[in-house]
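**Q** So that we are looking at the same thing, I have put the structure below in structure tokens.
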Amino acid sequence: MDEKSLYAHILNLTASWQVKALSLDEKVGSVTVTVGIAENVLLSCPTCGKTCPVHDHRHRKWRHLDTCQFTTVVEADVPRIMCPDHGCQTLPVPWAGPGSRYTLLFESFVISWLKISTTDAVRKQLRLSWNAVDNIMQRAVRRGLARRKAPQSARHLCVDEVAFKKGHQYVTVISDTQGQALELRDDRGVESLAGYLRNLGDRQVESIKTLSMDMNPAYISAARVHLPNAVEKNRLRSLPCRQNALRRGG
């Protein structure tokens with residue numbers, strides 16, 4: 010197996026994509042893997058599957074898992090097609106999720122670290138910004154939530170606030186005691202918890218027996234209105250709760 014075939018296998022490339030070139034920059038300490046569409050491949054609209062002409066290309070880069078001591082970057086000129094029904098559409102790539110600057114394998118590696126450590130420790134270890142780690146974490150939670158078939162509840166709920174963008178914004182994570190994320194809500198106000206509880210059916214709300222959460226006055230207010238019979242449990246900000254949610258979501 011030559012080096013191009015090796016990286017094609019590592020990146021799990023489909024038949025439509027090929028490794029075109031590899032370059033090593035020893036001064037910078039990086040390996041760049043250039044990927045492109047294979048010849049004579051018909052491109053399809055990602056929405057409807059109709060074969061469409063190429064509109065243009067967008068040059069993109071993604072950080073991948075290190076190759077030994079070298080930072081590894083995947084680059085590609087990603088085609089955009091013009092669909093008569095859905096307009097200009099960017100082709101999805103098999104090695105990364107939409108809007109991410111990191112490969113799926115790299116994001117999975119970050120999540121494995123977040124299960125046993127803090128965001129700050131992970132960013133230092135992997136040479137990332139705080140926001141980059143936090144965005145990877147949020148994408149993992151969203152993937153887990155997207156796998157749900159319907160709004161879910163549990164007899165014992167955990168409610169936790171998670172800061173991002175250097176603590177200037179928050180989201181509310183609602184999970185069960187096993188760490189399965191049930192809901193991700195913007196902000197950490199009354200509506201963050203109240204909106205989730207209102208969306209549950211009466212039977213689901215009545216089945217909730219305990220609520221384990223930060224002593225956030227907004228959460229307390231929402232719980233006393235919508236869960237008057239549930240027992241409130243004070244707890245510290247829950248790193249284990251967040252880690253379990255990531256374990257299920259990622």
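Position 120, counted from 1, in the sequence shown is what this note's numbering calls 129; the numbers after and before it change by one each time, with no gaps.
Backbone N, C-alpha and C define an ideal beta-carbon position, used for all residues, glycine too.
Since this is a predicted model, take the numbers as computed values, not measurements.
#1: I'd like the list of long-range same chain contacts for LYS133, defined as Cβ closer than 7 Å, with 5 residues on each side in sequence excluded.
#2: Pull up the distance between the alpha-carbon of GLY106 and that of VAL168, whole angstroms please.
#3: Thinking C-alpha only, which one of ARG152, VAL83, ASN49, ARG212 is nearest ALA163?
#4: Is it true that the CB of VAL82 sits closer than 8 Å to the CB of SER39?
#5: Give me, in chain order, the residues of the same chain whose beta-carbon lies closer than 8 Å to that of ARG22; leave out the 5 immediate sequence neighbours on both sides.
#6: Throw me the rounded Cβ distance for the ALA85 and ARG69 pair, which I believe falls under 8 Å.
#7: Would you report the Cα separation of CYS77 and LEU51, rounded to the nearest angstrom?
#8: Taking 8 Å as the cut-off, does the stretch 57–67 touch the stretch 93–102 (at least 3 CB pairs, one atom from each stretch)?
#9: Please work out which residues of its chain come closer than 7 Å, Cβ to Cβ, to VAL119, disregarding the five sequence neighbours upstream and downstream, and give them in chain order.
#10: Looking at the secondary structure, which residues open and close the alpha helix (DSSP H) in which PRO62 lies?
#11: Excluding the five sequence neighbours on either side, which residues of its own chain have a C-beta within less than 8 Å of the C-beta of LEU137, listed in chain order?
#12: Which whole-angstrom value describes the C-beta separation of PHE115 and LEU74, a residue pair presumed to lie in contact below a C-beta threshold of 8 Å?
#13: Alpha carbon to alpha carbon, how far is LEU113 from PRO55?
#14: Judging by CA-CA distance, which residue of PRO88, ILE90, ALA172 is the nearest neighbour of THR127?
#15: Mind checking who LYS235 pairs with in its DSSP beta bridge?
#16: Mapping the DSSP letters down to three states, classify ILE217 as helix, strand or coil.
#17: Going along the chain, which residues of its own chain have a beta-carbon closer than 8 Å to the beta-carbon of ARG207, five neighbours each way excluded?
**A** In short, the structure shows the following:
#1: none
#2: 28 Å
#3: ARG212
#4: yes
#5: The residue you asked about is not Arg; residue 22 is Leu in the sequence shown. Contacts found: VAL28, VAL44, PRO103, TRP104.
#6: 6 Å
#7: 36 Å
#8: yes
#9: VAL131, LEU135, VAL142, ILE145
#10: It is not in any alpha helix (DSSP H) - PRO62 carries neither H nor E in the DSSP assignment.
#11: VAL119, VAL131
#12: 5 Å
#13: 19 Å
#14: ALA172
#15: Per the sequence presented here, residue 235 reads as His, with Lys not at that position. HIS235 is not bridged to any residue.
#16: coil
#17: HIS235
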